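Participant: Numbering (our numbering), first residue to last: 9 to 192.
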Amino acid sequence: MLSSRMNDALNGQVNAELYSSYLYLSMSAYFEARKFRGLASWMRVQAGEELVHAMKMYDYVVSTGGRARFPAVDAPPFEWSSPLNVFENVYNHERKVTGLINALMDMAMAEKDSNTQAFLKWYVDEQVEEEESSGGALNKIRAAGTDTKAIQSFDKDMGQRKFKFPRGFVMFPYNQETTIGSMK
Ligand SMILES: [Fe+2]
Ligand SMILES: [Fe+2]
């Protein structure tokens with residue numbers, strides 16, 4: 009059973025993950041408008057993953073007898089000064105989210121809530137990957153500089169990314185007719 013403080017904190021993180029999804033979808037739209045199809049696709053996959061992060065946490069709250077509550081999701085930025093600036097923001101955003109996850113883990117440890125600690129471990133590992141992939145992308149686009157060919161090749165490479173549901177995660181658990189989201 010979640011403490012009401014832990015329940016509130018997890019609800020706050022669901023909101024933060026939904027904001028992340030909103031942020032990356034806005035970045036996807038920015039790249040669509042600039043005809044960077046690969047980067048738009050990468051950001052769209054990223055937005056989908058953040059939605060899954062939110063749903064996975066929502067499922068945890070619900071399945072542990074907590075109550076999900078949904079405050080407003082902030083509006084994401086609409087414009088960035090350059091593609092490089094977008095990736096600077098992605099990297100900084102992911103580092104911020106890592107801080108949020110670590111704070112949740114600290115709370116679960118302080119409350120001796122081992123169930124929530126075990127649950128959050130997945131997010132801790134996920135943030136390592138998120139920082140690595142966004143940091144790597146930032147380095148590549150920084151290296152490309154103003155070289156149009158290099159930016160085009162970066163765009164193409166980034167477009168190769170495929171969406172994958174986390175192992176065992178089922179997006180629509182009550183609908184037996186569809187297997188969308190089940191990657192068991
Ligand atoms: Fe996330
Ligand atoms: Fe993320």
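Every residue gets a Cβ at the ideal spot worked out from N, C-alpha and C, and that includes glycine. The structure presented is a predicted model; accordingly, all values stated were derived computationally and were not measured.
1. Using DSSP with H/G/I as helix, E/B as strand and the rest coil, what is residue 165?
2. Note down, in chain order, each residue of its chain lying with its Cβ closer than 8 Å to the Cβ of residue 76, except the 5 sequence neighbours on either side.
3. Could you say which of 24, 105, 143 and 99 lies nearest to residue 78 if we only look at CA atoms?
4. Please report how far the alpha carbon of residue 39 lies from the alpha carbon of residue 119, in whole angstroms.
5. Straight-line CA distance for residue 129 to residue 155?
6. Helix, strand or coil, according to DSSP, for residue 119 in the structure here?
7. With distances taken from CA atoms, which of 81, 95 and 80 is nearest residue 87?
8. How far does the alpha helix (DSSP H) with residue 80 in it reach, from first residue to last?
Facilitator: In short:
1. Sequence index remark: in the sequence shown, residue 165 carries index 157 (1-based). If DSSP states are grouped into helix, strand and coil, residue 165 belongs with the helices.
2. The residue you call residue 76 lines up with position 68 of the sequence shown. Contacts found: 19, 22, 66, 69 and 70.
3. Within the sequence shown, numbered from 1, the residue matching residue 78 stands at position 70. The residue with the shortest Cα to Cα distance from residue 78 is 24.
4. In the sequence shown, counting from the first residue as 1, residue 39 sits at position 31. In the sequence shown, counting from the first residue as 1, residue 119 sits at position 111. Approximately 43 Å between the Cα atoms of the pair.
5. To locate residue 129, count along the sequence shown from 1; it is residue 121. To locate residue 155, count along the sequence shown from 1; it is residue 147. Each residue's Cα considered, the two are about 40 Å apart.
6. Residue numbering aside, residue 119 sits at position 111 when the sequence shown is read from its first letter. Residue state, collapsed to three classes: coil.
7. The residue given as residue 87 occupies position 79 in the sequence shown. Ranking 81, 95 and 80 by Cα distance to residue 87 puts 95 first.
8. Within the sequence shown, numbered from 1, the residue matching residue 80 stands at position 72. Segment: none, residue 80 is in no alpha helix (DSSP H) and carries neither H nor E.
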